[in-house]
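Take the sequence shown: its position 251, counted from the start at 1, is 251 in UniProt numbering, and no numbers get skipped.
The C-beta atom is built at its ideal place from N, Cα and C for all residues, glycine as well.
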Amino acid sequence: GAVAIAEALQGNAVLTSLDVGGNSLTEEAALGIVRVERQRNKLTSLGLASCGIGPTGAAEVAEYVSGSGVLKNLDVRRNEISGDAAQQLATAVLASPSLELFGSVPLKDLRENTLDKLDLRQKGLSRCGKSVGVPEALVLAKLVEGSVVLATLNLRFNTIGDEGAAAIGKALEVNAVMITLDISDNDIGDEGAKALASALRVNAVLAKLNLDGHELDLPKLRGTDPVASLDLSCKRLGPASAIVIASLIAGNAVMTTLNLGVNYIRAEGAAAIAQALRGNGVLTSLNLLSNCIRDEGVAAIAEALQGN
């Protein structure tokens with residue numbers, strides 16, 4: 001089917017919009033269309049979602065984007081694009097003079113600073129959902145860097161992973177307007193959480209961050225909205241949230257009691273909390289009841305207590 005479409009495109013001078021996403025195409029079949037269109041250069045909209053495109057295919061798509069002066073809408077969601085290939089594609093998208101929409105990312109609106117809120121939550125399991133993966137996250141992060149109006153961003157239930165989280169963290173280091181960020185349920189591991197924690201050490205504007213389904217109150221954790229006691233028990237917090245919490249409470253000079261009981265911070269989260277205890281001379285009560293921290297987590301806490 002895709003081969004026939006590619007052949008038909010060669011002799012067609014009027015078709016400007018084509019979506020072949022979600023048809024179980026092979027990467028080679030999808031690239032056949034891309035190769036024809038590189039010569040034809042007529043499409044303003046091309047949909048290649050769920051077409052099995054990997055790193056090699058992503059490089060070809062990036063070359064196509066770089067050479068097209070008419071493409072306004074490109075959809076490559078739900079493919080296998082990450083690492084250098086994702087970065088190459090993101091760079092091409094950001095440099096394109098014509099692209100206005102990349103997957104669900106509204107390039108034109110973000111560049112023109114017309115949005116103060118952006119909701120890109122994935123809703124349900126439909127193929128038509130707003131799924132944001134690594135390439136989209138890299139593009140979005142770069143646009144967030146320069147935004148002067150975007151105050152709220154919701155990316156819940158997507159697949160940005162550690163790569164996307166790290167890119168957004170880097171953007172937060174220079175962004176001075178975003179107040180609320182939800183990137184929960186995005187397969188973010190320790191590395192992504194550490195990148196975000198590092199960004200929050202220099203970003204004092206972001207006030208609400210959701211990594212695991214519960215919105216963290218960052219001013220209270222930082223101590224800029226001083227509270228002596230904070231109860232975060234039974235919030236389904238995981239290691240990612242614990243890593244961010246640990247980074248912020250390390251410099252908190254007012255909080256004496258922190259309750260993290262009945263969560264899922266595990267050994268990784270406990271190790272981060274332990275590191276925070278080494279630099280915090282104020283916290284006198286810490287509840288880590290039922291957190292699956294196991295022997296490694298207990299050992300990290302015990303070691304930290306020796307110098308606390």
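Query	Result
Best match in Thr44, Asp84, Ser247 and Ser50 for proximity to aspartate 67 [C-alpha to C-alpha]	Per the sequence shown, the amino acid found at residue 67 is glycine instead of aspartate. When each option's Cα is compared against that of glycine 67, the closest is Thr44.
Pairwise C-alpha distance: leucine 74 and glycine 11	22 Å
Assigned exposure category for glycine 269 - 16 Cβ within 10 Å defines buried	buried
Length of the line joining the Cα atoms of leucine 273 and valine 262	Per the sequence shown, residue 273 should be read as isoleucine rather than leucine. Roughly 15 Å between the two C-alpha positions.
Per-residue burial, serine 50 [other beta carbons within 10 Å of its own, 16 or more giving buried]	buried
Where threonine 152 falls: helix, strand or coil (DSSP)	strand
Distance between alanine 151 and alanine 2 (C-alpha atoms, nearest Å)	42 Å
Inter-residue spacing [alpha-carbon to alpha-carbon] between glutamate 303 and leucine 196	25 Å
Beta-ladder partner(s) of serine 229, from DSSP	Thr257
Leucine 209 beta carbon less than 8 Å from that of leucine 181	yes
Leucine 196: first and last residue of the uninterrupted alpha helix (DSSP H) it sits in	190 to 200
Beta bridge counterpart(s) of glutamate 182 as assigned by DSSP	Note that residue 182 is aspartate in the sequence shown here, rather than glutamate. DSSP lists Asn154 and Asn210 as partners of aspartate 182.
Best match in Gly22, Pro55 and Tyr64 for proximity to valine 36 [C-alpha to C-alpha]	Tyr64
Reduced DSSP secondary structure (H/G/I, E/B, other) of valine 105	strand
Helix, strand or coil at leucine 172 [DSSP, three-state]	helix
Three-state secondary structure assigned by DSSP to glycine 281	coil
Euclidean distance between Cα positions of asparagine 23 and isoleucine 53	13 Å
Leucine 260 beta carbon less than 8 Å from that of lysine 291	Note that residue 291 is asparagine in the sequence shown here, rather than lysine. Cβ atoms of asparagine 291 and leucine 260: closer than 8 Å.
Assigned exposure category for alanine 176 - 16 Cβ within 10 Å defines buried	exposed
Continuous alpha helix (DSSP H) assignments of at least 4 residues falling wholly in the stretch 33 to 71	55 to 67
Rounded C-alpha distance that separates glutamate 28 from glutamate 60	11 Å
Alanine 8 burial status per 10 Å Cβ neighbour count (16 or more: buried)	exposed
First through last residue of the beta strand (DSSP E) which encompasses leucine 74	73 to 75
Residues bridged to asparagine 287 (per DSSP)	Asn259
Alpha-carbon to alpha-carbon, glycine 103 and residue 324	Lying before the first or after the last residue shown, residue 324 is absent from the chain, which here runs from 1 to 308.
Own chain residues within Cβ distance below 8 Å of isoleucine 301, not counting five before or after	Ala270, Ile273, Ala274, Leu277, Leu288 and Ile293
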